[in-house]
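>
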Amino acid sequence: HLLVAAIDFGTTFSGYAFSLTSAPDEIRANTNWTNNQGYAAYKAPTSVLLTPDQQFEAFGFDAHERYTELLVEGLSDDYYFFDRFKMLLNPTAERELATGTMLEAANGKHLLAV
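Numbered per the numbering used here, the sequence shown spans residues 3 to 116.
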């Protein structure tokens, strides 16, 4: 099956939708982004949590919840939590996105953006 997918990588929230080419008018969007606050949403926070060895751990609500757990347990220092980082990837007149561009995590740690 072929499909058409749309990804909304937003400044605050991100989401996706898709349709099969055999039924282009049947657009499906994720409605299962949830959190422990008891609600579901079409989008999740544009947030990502990486492990100390810079591997993906969680995205969206899951990243927020896991990072909060790490903070409470005193284990967050070695992790990388990035929230609302999209605009830091946007080149401006003062700043260019390049192989040396660094992002700062919530705990002050730095990691290459590219």
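Positions of the beta carbon are idealized from the N, C-alpha and C atoms, including for glycine.
Following the continuous alpha helix (DSSP H) through E71, name the residue where it begins and the one where it ends.
Start and end: 63 to 75.
> Taking 8 angstroms as the threshold (C-beta atoms), are S49 and A10 in contact?
In the sequence as displayed, the identity of residue 10 is Asp instead of Ala. No.
> Excluding the 5 residues flanking L91 on each side, which residues of the same chain have their C-beta closer than 7 angstroms to its C-beta?
The answer, listed in chain order, is L99, A115.
> At the level of alpha carbons, what is the spacing between V74 and E67?
Rounded to the nearest angstrom, the two C-alpha atoms are 11 angstroms apart.
> Mapping DSSP to helix, strand and coil, what is S24?
DSSP places S24 in coil when its eight states are reduced to three.
> Does DSSP put D80 in a helix, a strand or coil?
Correct three-state label for D80: helix.
> Would you call the CB atoms of L51 and Y81 closer than 8 angstroms?
Closer than 8 angstroms, so yes.
> Just the Cα atoms here: how many angstroms apart are E1 and H112?
No answer is possible for residue 1: it lies beyond the span of the chain, which begins at 3 and ends at 116.
> Name the residue from L5, S21, A60 whose alpha carbon lies nearest to the alpha carbon of F83.
Nearest option by C-alpha distance: A60.
> In terms of alpha-carbon separation, which member of D55, F20, T14, T13 lies closest to H3?
Among D55, F20, T14, T13, the Cα nearest to that of H3 belongs to F20.
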